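Beneath this line is the structure, given in structure tokens, with notes to follow.
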Amino acid sequence: MALLVNSGRAGLASALKARPMFFAWGRGASWWGATDVKLKTFAGSPEQFTLDHAPVASLVVNSQGSAQTYQSPGDYLFDPNTGVVTRVNGGAILAGATAQAQAVYGTPPLSASDGALTGEIGRRAASSVEFVMPDPNGNLYTPGGDRWSVSSTATRYLYVATQFDFLEAATETIREVGIFVDSVRAAGVPEGQLYLTPEEVAEPGYLLLLDRFAGIPRSPSSRQGFSYVLVI
């Protein structure tokens, strides 16, 4: 069985490091991470209702008017991946009842087939692309609390970082970020321009990494930074 060895991975990382990289950020879908309260009626056989979105991070089902909080699995069953809520016969929920559903939505699972952001706002050139090695005492941090140190020689680990400026997407809520390689500017966009809006991008390039989260409200009084390690 053939094996791609670490020196080969370091070579691939070196080739990737030499190519232009951009961090794209987007608003995603407005329901990602949102809380929604609606009246829903159990119907069908078995009696069910379906929430407006899925996946669902948490759910509370109350009686209409919120006088009683129903319990799962005694009163209802709940599938967080589909948003389907099913009434349990013999539980506290009456047949055909209308209930108040308070859902906190999650974000869709990431897929290796993803090639774009759901709602890109803009993209900024990476400000730092470095070879790194895992180091519990390193001074570079990435999501999840991992720490890294810069390596003077090529490794299979590429640390990529950027910091968006104060007025970039200043009134948006950011719910997704991706790292692209080989983005091409639209005709007439200066090579030295670091931040590009979607209409200033002729070819988005290849999506290397995608991350989604509940939401980061932007403010013109702060800059927002992102950093990740690409493991080749």
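Residues in the sequence shown are numbered consecutively from 1, following full-length UniProt numbering. Backbone N, C-alpha and C fix where the C-beta goes; we use that ideal spot for every residue, glycine too. Please read these numbers as outputs of a predicted model, since none were measured by experiment.
Item to complete: Go through its chain and collect everything with a Cβ distance to Glu172's Cβ below 6 Å, but skip five positions before and after it.
Response: Correct list, in chain order: Arg27, Ile121 and Arg218.
Worksheet entry | Rounded Cβ spacing between Ala92 and Asp79 (contact assumed at less than 8 Å) | With a Cβ gap of about 20 Å, Ala92 and Asp79 do not count as contacting.
Worksheet entry | Simplified DSSP state of Ser14, which is helix, strand or coil | Ser14: helix per DSSP, three-state reduction.
Worksheet item: Does DSSP put Ser7 in a helix, in a strand, or in coil?
Response: Reduced to three states, the DSSP call for Ser7 is helix.
Worksheet item: How many angstroms separate the CA atom of Ser227 from the CA atom of Gly96?
Response: Their Cα atoms are separated by approximately 50 Å.
Item to complete: Report the rounded CA-to-CA distance for Gln64 versus Ser111, giving the unit in angstroms.
Response: Spanning the alpha carbons of Gln64 and Ser111 requires a straight line of approximately 38 Å.
Fill in: Validate contact between the region 130-142 and the region 182-194 using beta carbons, cut 8 Å, 3 pairs
Because the criterion of three Cβ pairs below 8 Å is not met, the region 130-142 and the region 182-194 do not touch.
Worksheet item: Under a Cβ-count criterion, where at least 16 other Cβ atoms within 10 Å of its own Cβ denotes burial, should residue 265 be classed as buried or exposed?
Response: This structure leaves residue 265 out entirely; the chain is present only between 1 and 232.
Worksheet entry | Where Lys38 falls, given that 16 or more other Cβ within 10 Å makes a residue buried | By the C-beta density criterion, Lys38 is exposed, having fewer than 16 other C-beta atoms within 10 angstroms.
Item to complete: Take Val129 as the anchor and find which of Gly115, Val150, Pro220 and Gly33 has the nearest alpha-carbon.
Response: Of Gly115, Val150, Pro220 and Gly33, the residue nearest in Cα terms is Val150.
Worksheet item: beta strand (DSSP E) containing Trp25: first to last residue?
Response: Run containing Trp25: Met21 to Gly26, per the beta strand (DSSP E) assignment.
Practice prompt. Go ahead and pull the three-state DSSP assignment for Pro80.
Written response: Assigned with DSSP and collapsed to three states, Pro80 falls in coil, not helix or strand.
Worksheet entry | Reduced DSSP category for Pro220 - H, G, I as helix; E, B as strand; rest coil | When secondary structure is reduced to three states using DSSP, Pro220 falls in the coil class, being assigned neither helix nor strand.
Worksheet item: Short check: CB of Ala214 to CB of Thr107, under 9 Å?
Response: Yes, the pair counts as a contact, with Cβ atoms nearer than the cut-off.
Worksheet item: In chain order, what residues of the same chain lie with their CB nearer than 6 Å to the CB of Thr155, ignoring the 5 residues before and after it?
Response: Contacts found: Ala10, Phe131 and Met133.
Discussion item. My assumption, with CB atoms under 8 Å, is that Leu208 sits in contact with Ile174. Please give the rounded CB distance.
Written reply: That pair is no contact at about 18 Å.
Worksheet item: Going along the chain, which residues of its own chain have a beta-carbon closer than 6 Å to the beta-carbon of Leu51, five neighbours each way excluded?
Response: Gly83 and Ala103, listed in sequence order.
Discussion item. Helix, strand or coil, according to DSSP, for Glu199 in the structure here?
Written reply: Note: Glu199 maps to helix in three-state DSSP.
Worksheet item: Do you know offhand how far Gly225's Cα is from Glu199's?
Response: Distance between the alpha carbons of Gly225 and Glu199 is about 23 Å.
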